[in-house]
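Per the working numbering, residue 7 is the first one in the sequence shown, and the count goes up by one each step. One structure is given here, and the rest of the page talks about it.
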Amino acid sequence: MRSCPSCGCGTGRVHSHYMRRVADLPWQGRVVEIRLHARRFRCANPQCRQRIFTERLPETVQPKARRTARLGESQLVIGFAVGGESGSRLSRKLAMPVSGDTLLRMIRSAGFEPPDAPRVVGIDDWAWRKGQRYGTIICDLERNRVLDLLPDRNANTVASWLKRHPGIEVIARDRAGVYYGARRGAPDATQVADRWHLLQNLGEGLRLAFGRHRKVVRAASRGDRRTSAPVIALADNLNRLRWTKATAVAA
Ligand SMILES: [Zn+2]
């Protein structure tokens, strides 16, 4: 008893037999071909447009396929690992011959699970050429992978990317330009400054502060008590900063 693929009606009326040749996994390093005596059935439903249908073996081989499902899976793994032409050479060595073009076709038609939409992203500068041309890099911070490289550092570019990727809840970023782009592209997302940029900004601020009080710092280094009080306060702050930085790095 077989079911008609068009109407689902069961039938046991065999119309004819035919031979299918399908390639299978190798045996002892030899190429294996299965010669399958398949049947054609008549559909028992008089209303069905499909009078005759061929026997289906969904777990073994797809209709009209020339290789078994298990051989196709192995060849696909090879294709993904080494690509079309190299995959073809390796498959031949392993007694599962397949052309490079067929491997590429198999790779293209392989079903992919679409990745989950990103929820937490980091946006930062990225150098096409250091000191000359910068773009924007967007990373998925939960999966630690790069999502996209944008050609420039423009707020509009960031905004339009975010609009195309709804569902982002948290954006870690540093630059003001990104801030405006992120506000427009994902108005509901929470924007946070990441730890590295906070510390970098703080360090930069302190360097400027010390730079402005160079005279006092020099006096303090000579042991001049009258001018050293503000420096001691600054040094205290610096010590506290170092401690905060260490905690942040350790966290
Ligand atoms: Zn039918």
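The beta carbon of each residue, even a glycine, is placed where N, CA and C say it ideally should be.
Environment of residue i [buried if 16+ CB atoms lie within 10 Å]
i: Val-152; result: exposed
i: Met-25; result: exposed
i: Ser-22; result: exposed
i: Gly-229; result: exposed
i: Met-112; result: buried
i: Asp-146; result: buried
i: Trp-134; result: exposed
i: Gly-14; result: exposed
i: Gln-53; result: exposed
i: Trp-33; result: exposed
i: Met-102; result: buried
i: Gly-85; result: buried
i: Phe-47; result: buried
i: Arg-195; result: In the sequence as presented, Arg is not what sits at residue 195; that position holds Ala. Buried.
i: Arg-41; result: exposed
i: Leu-168; result: buried
i: Ala-257; result: Reliability fails at Ala-257, whose pLDDT of 41 lies under 50, so the model's placement of it is uncertain and the value that follows must be treated cautiously. That one is exposed.
i: Phe-59; result: buried
i: Ala-252; result: Because Ala-252 sits at a pLDDT of 48, beneath the cut-off of 50, its placement in the model cannot be relied upon, and the following sentence gives the value as read from the coordinates. Exposed is the call here.
i: Val-20; result: exposed
i: Pro-124; result: buried
i: Leu-155; result: exposed
i: Arg-179; result: buried
Range of the contiguous beta strand (DSSP E) that encloses residue i
i: Gly-141; result: 139-146
i: Arg-27; result: 20-33
i: Arg-220; result: Taken as a continuous stretch (DSSP letters only), Arg-220 belongs to no beta strand (DSSP E), being part of the alpha helix (DSSP H) at 220-227.
Coarse secondary structure for residue i, derived from DSSP in three states
i: Ser-166; result: helix
i: His-203; result: helix
i: Gly-258; result: In the structure as shown, the chain begins at 7 and stops at 257. Residue 258 is therefore absent and cannot be evaluated.
i: Ala-133; result: strand
i: Gly-187; result: helix
i: Gly-173; result: coil
i: Ala-161; result: helix
i: Gly-274; result: Given that the chain is displayed from residue 7 to residue 257, the structure contains no residue 274 and the question cannot be resolved.
i: Gly-217; result: helix
i: Arg-149; result: coil
i: Trp-16; result: One point to set straight first is that residue 16 is Gly, not Trp, in the sequence displayed. DSSP places Gly-16 in strand when its eight states are reduced to three.
i: Asp-154; result: strand
i: Ala-195; result: coil
i: Ala-256; result: Annotation note: pLDDT 45 at Ala-256 (below 50); position unreliable, no value reported.
Scan the segment 45-125 and note each continuous alpha helix (DSSP H) run of 4 residues or more that stays entirely inside, going in chain order. Listed in chain order, the complete alpha helix (DSSP H) runs (minimum 4 residues) inside the segment 45-125 are 75-88, 90-99 and 106-115.
Beta-carbon distances below 6 Å to any heavy atom of ligand 1 define the shell here; list its residues in chain order, please. Cys-10, Ser-12, Cys-13, Cys-15, Cys-49, Asn-51, Cys-54 and Gln-56
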